Amino acid sequence: MKKKPSQAVVWITGADSGIGQQLAIQFSIIGCNVILSARSVTKLKKTKKIINKLGGEAYIEPLNLSDIKKINLVYRKIEHKFGPVDVLVNNAGITSFKNFQETSTKDFKTILDINLVAPFVLIKNVLPKMIQNNDGWIINILSVTAIKIFKNSAAYTASKMGLKGLTNVLREEIRGHNIKVLSVFPGATATPIWGDKLERFRTRMMSPESVAEIIVSLYRLAPKDAMVEEIIMRPIGGDLE
Numbered sequence: 081m082k083k084k085p086s087q088a089v090v091w092i093t094g095a096d097s098g099i100g101q102q103l104a105i106q107f108s109i110i111g112c113n114v115i116l117s118a119r120s121v122t123k124l125k126k127t128k129k130i131i132n133k134l135g136g137e138a139y140i141e142p143l144n145l146s147d148i149k150k151i152n153l154v155y156r157k158i159e160h161k162f163g164p165v166d167v168l169v170n171n172a173g174i175t176s177f178k179n180f181q182e183t184s185t186k187d188f189k190t191i192l193d194i195n196l197v198a199p200f201v202l203i204k205n206v207l208p209k210m211i212q213n214n215d216g217w218i219i220n221i222l223s224v225t226a227i228k229i230f231k232n233s234a235a236y237t238a239s240k241m242g243l244k245g246l247t248n249v250l251r252e253e254i255r256g257h258n259i260k261v262l263s264v265f266p267g268a269t270a271t272p273i274w275g276d277k278l279e280r281f282r283t284r285m286m287s288p289e290s291v292a293e294i295i296v297s298l299y300r301l302a303p304k305d306a307m308v309e310e311i312i313m314r315p316i317g318g319d320l321e
């Protein structure tokens with residue numbers, strides 16, 4: 081028997097702040113069993129505390145996404161404790177605001193490892209059970225940089241365009257298994273990834289709450305016989321140039 085959407089096991093990476101934290105809060109509000117992953121246990125505990133105060137429950141599984149073996153171990157731990165993951169949200173991401181010539185090979189590889197390789201590994205873990213159960217959601221948080229070019233973001237853009245391509249191929253390959261594969265392309269959102277630029281541009285950005293609300297509402301209201309494949313969200317005033 082398939083679970084109701086409100087009974088799902090939802091695994092969210094980058095759940096310690098920003099969009100990931102707000103997704104964790106809003107998925108918990110509708111009753112989902114939310115698994116929180118990120119590197120910082122201290123920050124994850126803050127997310128869990130917020131959820132608990134709102135009457136929800138969440139479980140912490142710290143994770144360094146550059147460690148593939150650790151990803152595999154954490155998934156097995158989650159599956160043993162909670163059962164198969166019903167909803168995977170690949171939200172964690174890093175960036176570097178450098179132009180092409182300033183970007184080192186090391187930085188390039190690090191960004192691709194977190195933003196592209198890790199989602200691939202996470203999906204590889206959860207997908208077999210989703211196919212077996214003929215049900216599931218894979219939600220990949222990308223960026224408008226995957227569909228529009230911005231300067232000083234070569235590595236980040238490459239990672240997000242790569243994840244867009246991976247997501248599109250995956251969606252086509254698993255059609256017929258009742259698995260919804262959603263690409264989300266947020267524009268400028270007020271999250272820590274912006275570093276010292278955040279306060280300068282905050283008033284021109286979307287809030288993480290708004291982005292998460294749209295995603296969770298779509299999940300909650302999605303019909304059984306249709307799939308929204310992509311969502312593009314931008315601030316009312318448009319992209320930051």
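Going by our numbering, the residue at position 67 of the sequence shown is 147; the numbering climbs one at a time, nothing skipped.
In this text, a Cβ means the ideal position worked out from N, Cα and C, and glycines have one as well.
Note that the structure is predicted; figures quoted are calculated from it, not measured.
If residue i sits next to residue j, beta carbons under 8 Å apart, how far is it from one beta carbon to the other, in whole angstroms?
i           : j           : result
residue 203 : residue 266 : So it is not a contact: roughly 20 Å between Cβ atoms.
residue 241 : residue 268 : Actually they are not in contact, since the Cβ atoms of residue 241 and residue 268 sit about 18 Å apart, beyond 8 Å.
residue 238 : residue 278 : Contact flag wrong, Cβ pair sits at about 23 Å.
residue 93  : residue 169 : 7 Å
residue 296 : residue 130 : 15 Å between Cβ atoms; not a contact.
residue 271 : residue 98  : 3 Å
Which residue wins for smallest C-alpha separation from residue i, given the options the options?
i           : options               : result
residue 206 : 290, 239, 230 and 156 : 156
residue 177 : 311, 234, 134 and 186 : 234
residue 119 : 201, 181 and 147      : 147
residue 140 : 133, 134 and 126      : 126
residue 162 : 293, 283 and 89       : 89
residue 261 : 304, 308 and 227      : 308
residue 218 : 144, 121, 289 and 298 : 298
residue 28  : 230, 300 and 317      : As displayed, the chain neither begins before 81 nor continues past 321, which places residue 28 out of reach and without an answer.
residue 197 : 184, 236 and 106      : 236
By a C-beta neighbour count over all protein chains shown, 10 Å radius and 16 as the cutoff for buried, is residue i buried or exposed?
i           : result
residue 153 : exposed
residue 349 : Residue coverage of the chain in this structure runs from 81 to 321, which leaves residue 349 outside it and unanswerable.
residue 259 : buried
residue 223 : buried
residue 199 : buried
residue 113 : buried
residue 117 : buried
residue 132 : exposed
residue 108 : buried
residue 288 : buried
residue 179 : exposed
Consult DSSP for residue i and reduce its assignment to one of helix, strand or coil.
i           : result
residue 150 : helix
residue 191 : helix
residue 316 : coil
residue 293 : helix
residue 308 : coil
residue 81  : Interpretation of residue 81 is limited by its pLDDT of 39, a score under 50 that renders its predicted location unreliable; no figure is taken from the coordinates.
*Taking only runs that begin and end inside the stretch 201-283, name each unbroken beta strand (DSSP E) of 3 or more residues, in chain order.*
216-221 and 259-266
*At which residue ranges does the stretch 121-179 contain complete beta strand (DSSP E) runs of 3 or more residues, listed in the order of the chain?*
138-140 and 167-170
*asked:* My parser needs the beta strand (DSSP E) runs of 3 or more residues fully inside the stretch 82-115; what are they?
replied: 89-93
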